[in-house]
Amino acid sequence: MVLACYVATQIADGGLASFFPLLGIGIGVVWVFFGGSVWWLPLFAGMGIGGVFYFGFKVHPFEVGFFLSLAAALPLIAMRAGQPLAHRSLPRGLLLFLFFICLEAGFSCARFSGGSTRDMGSILRIYLKEFWAPFFLLVFYYYGKSRFIAVGFYVLEFTYLIRLLIGMVAVFIPNFTYLPGVNMILPASGVNGTDDLRASGLGLAMVAMMMSFYQKGWLFSMLQRLAFIVALIGVGFGGGRGTLVGLLMAVVLFALFSRRKSMLWGAAVLIFAIICLLNLKPELMDGLNPKIQRTASILIVNFEGVRGTEFGQTKEGLEGDLSTNDWHHRLAQIGRERWTANLPNFLFGTGIRSYDETALKEPDPKVQFALALNSSADTAAYEDGLWTVLATSGLVTLVFYVVLFGGFIRKIIELSPIMGRTPFGRSLVFLSTFVIVDWVAFCYWQGGFPSYELMVVGATVVYLQDYEAEFKAKEEA
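Its first residue numbered 73, the sequence shown is counted upward by one per residue in our numbering.
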């Protein structure tokens with residue numbers, strides 16, 4: 073009754089700016105007490121939805137999902153001591169890695185925050201991108217039920233779809249960037265416009281493909297194919313050349329996991345035919361959206377010569393694309409120089425600093441460009457996985473990742489004989505294989521900390537271990 077009166081009052085006053093945040097808090101409180109075995113679902117939703125909530129300060133949905141999931145796990149922790157199942161094996165080095173991240177974060181806060189609470193908060197939020205996956209796996213190892221993991225990926229697929237559709241609306245309505253009642257800056261908005269379609273498109277495509285292994289039936293298959301087509305369109309409008317290569321690689325990997333030679337050969341022939349056609353007839357790209365042209369340019373052998381001529385781009389568009397390439401090249405150069413500057417940097421990285429807004433106030437474009445590069449490097453925004461890890465956290469962190477991923481991969485190989493018998497096993501192994509190959513193959517050009525990859529691979533191992541134990545118990549009975 074009180075809530076209804078409050079809503080009516082807000083509507084009468086012509087504003088709901090404070091109602092939706094309160095509604096979100098209310099839903100969160102309910103979830104903390106009633107989330108139960110699926111306490112981790114908000115994390116999947118937060119990873120998929122993207123964007124930024126703004127209440128005088130920025131809050132990322134992923135952060136909300138992570139902390140809400142942990143809060144929902146607290147009742148389980150309070151009701152029973154976490155007794156790990158005998159068949160689950162905690163990855164070697166996981167606890168030590170978490171401790172090392174905490175040391176890194178503490179060092180950066182002590183050295184670079186200058187005692188400012190605001191700067192300290194900014195630094196810790198960036199370290200959260202590295203911290204959340206191993207910590208989530210630790211809690212999931214004790215209190216997670218893997219039988220519901222498919223529900224999480226359904227939620228992830230749905231939120232990716234919503235995010236992509238919002239991005240497609242922004243393609244045709246550039247001013248559609250903000251939801252006032254929800255105080256949300258949409259995921260496809262910002263400096264790079266629709267570039268977020270790269271992440272949402274590839275993410276949706278991957279989940280749609282993995283779900284195709286899970287359930288059969290013409291209706292389900294049709295919906296997943298439709299989701300994949302929508303994702304492909306999103307990738308095209310995203311303008312990501314590397315993203316397109318990753319998507320084509322995923323198609324070939326999907327054909328391999330399908331164990332159908334006809335699908336594998338069909339996918340290979342189709343991709344080869346498209347590449348040949350674009351190289352022989354690049355004028356086919358004329359008249360298409362510049363973002364689509366940029367995406368497809370990776371398939372053209374001499375795309376440096378083609379871009380800006382056959383594609384019919386304006387001089388400003390060509391210069392903008394070249395400045396993007398220069399931005400990535402310079403960031404990688406800064407990362408390499410910082411990492412190799414001295415032995416401590418080589419082993420432990422340079423740490424993280426808060427964002428310096430000086431670049432935003434600089435009138436000279438060249439000086440602004442240089443300052444923005446340094447600010448991006450300071451905040452671990454290298455826009456590629458390799459230098460994000462090495463320059464920020466050093467060789468020690470890379471070794472931790474190698475040990476963790478190596479242990480998970482070894483477990484997956486050991487459990488591979490039961491993969492075909494599990495309802496969701498092949499789906500998870502397919503996604504795990506892709507995220508590992510994709511990060512390694514493109515870590516020099518795109519990406520960040522391999523946190524999502526670590527979460528997927530770790531959850532796959534837990535699921536396979538649980539299913540193997542359940543299968544053995546049924547056989548013994």
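Think of the CB as a built atom: it goes at the ideal place given N, C-alpha and C, for glycine as much as any other residue.
It is roughly 18 Å from the alpha-carbon of Glu540 to the alpha-carbon of Tyr286.
Here the C-alpha atom of Glu548 lies approximately 10 Å from the C-alpha atom of Glu542. DSSP, read as helix, strand or coil, puts Phe496 in coil. In the three-state reduction of the DSSP assignment, Lys438 falls in the helix class. In the DSSP annotation of this structure, the continuous segment of the alpha helix (DSSP H) that includes Tyr214 starts and ends at Thr189 to Tyr215.
If you look at Val110, you'll find it isn't in any alpha helix (DSSP H); DSSP assigns it neither H nor E. In this structure, Leu166 is the residue among Phe329, Leu166, Ala117 and Tyr226 with its C-alpha nearest to the C-alpha of Val211. Membership of Val529 in the alpha helix (DSSP H) is indicated by the continuous run Ser523 to Glu548. Considering only Asp268, Phe139 and Ala404, the residue with the shortest C-alpha distance to Glu455 is Ala404. When the Cα atoms are used, Leu356 and Gly311 turn out to be separated by approximately 17 Å. For Phe514 against Gly275, the beta-carbon gap comes to about 15 Å, at or over 8 Å, which does not count as contact. Residue burial is scored here from C-beta neighbours: Tyr126 has fewer than 16 other C-beta atoms within 10 angstroms and is therefore classed as exposed.
A residue is called buried once 16 or more other Cβ atoms fall within 10 Å of its Cβ, and Ser188, having fewer, is exposed. Within the model, the alpha-carbon separation for Phe105 versus Ile99 is close to 10 Å. The beta carbon of Val534 sits closer than 6 Å to the beta carbons of Ser218 from its chain, once the five residues preceding and following it are set aside; these are given in chain order.
The straight-line gap separating the alpha-carbon atoms of Leu500 and Val528 is approximately 8 Å. Its Cα nearest to that of Leu470, the residue Trp411 stands out among Trp411, Gln537, Arg482 and His401. Note on Leu352: under 16 other CB atoms within 10 angstroms of its CB, so exposed under the neighbour-count rule. For Val373, no beta strand (DSSP E) encloses it, and the DSSP letter there is neither H nor E.
For the pair Gly457 and Phe506, the CB atoms are not nearer than the 9 Å cut-off. Your pair Phe203 and Met282 does not check out as a contact, with CB atoms roughly 26 Å apart and the cut at 8 Å. Counting along the chain, the unbroken alpha helix (DSSP H) around Phe179 starts and ends at Leu166 to Phe184.
When Cβ pairs closer than 8 Å are counted between the two stretches, the segment 163-183 is seen not to touch the segment 487-504, the count staying below three. Separation of the CB atoms of Ala449 and Gly407 is rounded to 6 Å, and the pair is thereby assigned contact status at 8 Å.
In this structure, Gly308 sits away from Ser272, with a CB-CB distance that is not shorter than 9 Å. Around the CB of Val101, fewer than 16 other CB atoms lie within 10 Å, so the residue is classed as exposed.
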